[in-house]
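Colleague:
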Amino acid sequence: MNSESISNFTCYLADEVATHHLGRQLAAMLHAGLTVYLSGDLGAGKTTLTRGILHGLGYTHIVKSPTYNLVEIYKISRLYLYHFDFYRFNDCLEWEEAGFREYFNASSICLVEWPEKAGEMLPRADLHIFLKILTTGRNIEIQAGTKTGKQCLAHWKYQSNA
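Numbers 5 to 166, taken from our numbering, label the letters of the sequence shown in order.
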């Protein structure tokens, strides 16, 4: 399968349970060094998806929204996963002032809610996940933004179809 041809994935999620389940499935494609943006309105399921990802990676404790702390840090074996929420940012320079640049490295996974609030300060997303609330359920779209993101998405789609 040519990973260059896999640049997006879309699906319908009926409820919070389905969102959590998809997160658990997505965990299989994630690895250190990835930056993942999570976009959607309040209540779209960004933290629920993150909770599923963390549970899929083997994290067994409570997963909180980082809205007030700006970042929640999870250590899973030798992997660090940083879950950011920039909803409360008023200026993109707040990201720089908070000293978050060092978190985005080859040894960690960074999941970022409300990435647009940090403007151009953030590194490019390998994967950008869009959640859209519908009358019942939600739509999800995953877009690969880098070659690494395309490879991850292709591997995941191949694994989920096997």
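Here a beta-carbon is modelled for each residue, glycine too, at the ideal position from N, C-alpha and C. All of these numbers come straight from a predicted model, not from anything done at the bench.
Under a three-way DSSP split, which group does Arg142 fall into?
Modeller: Strand, per DSSP.
Colleague: Among the residues of its own chain, which have a CB less than 7 angstroms from the CB of Cys15, if the five just before and after it don't count?
Modeller: Once the five neighbours on either side are set aside, the close Cβ partners of Cys15 are Ile144.
Colleague: Whose C-alpha, out of Arg55, Leu74 and Gly60, is nearest the C-alpha of Ile66?
Modeller: Here the closest residue by C-alpha is Arg55.
Colleague: Buried or exposed for Ala166, please, with buried defined as at least 16 other CB atoms from any protein chain shown within 10 angstroms of its CB.
Modeller: Confidence is the limiting factor: at Ala166 the pLDDT is only 47, short of 50, which leaves the residue's position unreliable and the question unanswerable from this model.
Colleague: Which runs of the alpha helix (DSSP H) spanning at least 4 residues fall entirely within the region 96–159, listed in chain order?
Modeller: For the region 96–159, whole alpha helix (DSSP H) runs of length 4 or above, ordered along the chain, are 97–102.
Colleague: Quick check on the burial criterion: 16 or more other C-beta atoms within 10 angstroms. Buried or exposed for Pro127?
Modeller: Exposed.
Colleague: So what does DSSP say about Leu38, is it helix, strand or coil?
Modeller: Of the three classes helix, strand and coil, the one that applies to Leu38 here is coil, per DSSP.
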